[in-house]
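Numbering (this note's numbering), first residue to last: -12 to 148. Here a beta-carbon is modelled for each residue, glycine too, at the ideal position from N, C-alpha and C.
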């Protein structure tokens, strides 16, 4: 989807963060308005062998991260860095996502998780054994630190682990 679509992650990041900094960083936007396979290939070429300094992720109520959904075949991808992905929930729109090896290669991985609707997913991602049924549990910085910041509601199920 184009960056001005209300459902665009890039549009949300631009409006909430990028347009508010005095010296905007260089942004490498995934071209969501293109065919997903074409956009993934283009973004993979643009990334090259870049290693991300910071991987900032949310966590879906089903435990998904980026557009890596529970049990999806994209979780098994180890060769490509960027792939087209099937939507695991609404909105059912074309998606492009970084793969697990790229997310885990970040020097730092930071999860921001809020809300009671994500409490069980947070428990599964941060207190249970890693599982393809909870993709967030599979993302940990290989050579750096992984931090999860949760509000009280999102953390409410952690004490039951």
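Tell me residue 132's beta-bridge partners as DSSP assigns them.
Along the chain shown, read from residue 1 onward, the residue named residue 132 stands at position 145. Paired residue(s): 95.
Where are the beta strand (DSSP E) runs, 3 residues long or more, that stay fully inside the region -3 to 49, in chain order?
Counting only runs of 3 or more, we get 41 to 44.
What separation, rounded to the nearest whole angstrom, lies between the Cα atoms of residue 17 and residue 108?
Translated into positions along the chain shown, residue 17 becomes position 30. Translated into positions along the chain shown, residue 108 becomes position 121. Here the C-alpha atom of residue 17 lies approximately 27 Å from the C-alpha atom of residue 108.
Rounded to whole angstroms, what is the Cα-Cα separation between residue 130 and residue 96?
Mapped onto the chain shown, residue 130 falls at position 143. Mapped onto the chain shown, residue 96 falls at position 109. Going by the C-alpha atoms only, they are around 10 Å apart.
Residue 100: buried (16+ other C-beta within 10 angstroms of its C-beta) or exposed?
On the chain shown, residue 100 is found 113 positions in, with the first residue counted as 1. Counting the other CB atoms within 10 Å of its CB gives residue 100 a total of 16 or more, which places it among the buried residues.
In the structure shown, what three-state DSSP assignment does residue 140 receive?
Reading the chain shown from its first residue, position 153 is the one you call residue 140. It is coil, neither helix nor strand.
Could you please give me the residues that DSSP links to residue 68 through a beta bridge?
The count along the chain shown starts at 1 and reaches residue 68 at position 81. Answer is none; residue 68 lacks a bridge partner.
So residue 123 packs on residue 46, CB below 8 Å; how close in whole Å?
Walking along the chain shown from the start, residue 123 turns up at place 136. Walking along the chain shown from the start, residue 46 turns up at place 59. Sure, about 5 Å apart at Cβ, within 8 Å.
With DSSP as the reference, label residue 82 as helix, strand or coil.
On the chain shown, position 95 is the one that residue 82 refers to. Strand.
How long is the line joining the alpha carbons of residue 148 and residue 140, rounded to whole angstroms?
Position 161 of the chain shown, counted from the first residue, corresponds to residue 148. Position 153 of the chain shown, counted from the first residue, corresponds to residue 140. Only weak support is given to the placement of residue 148: the predicted model assigns it a pLDDT of 48, under 50, and the value that follows is read from those uncertain coordinates. Their backbone Cα atoms lie some 15 Å apart in a straight line.
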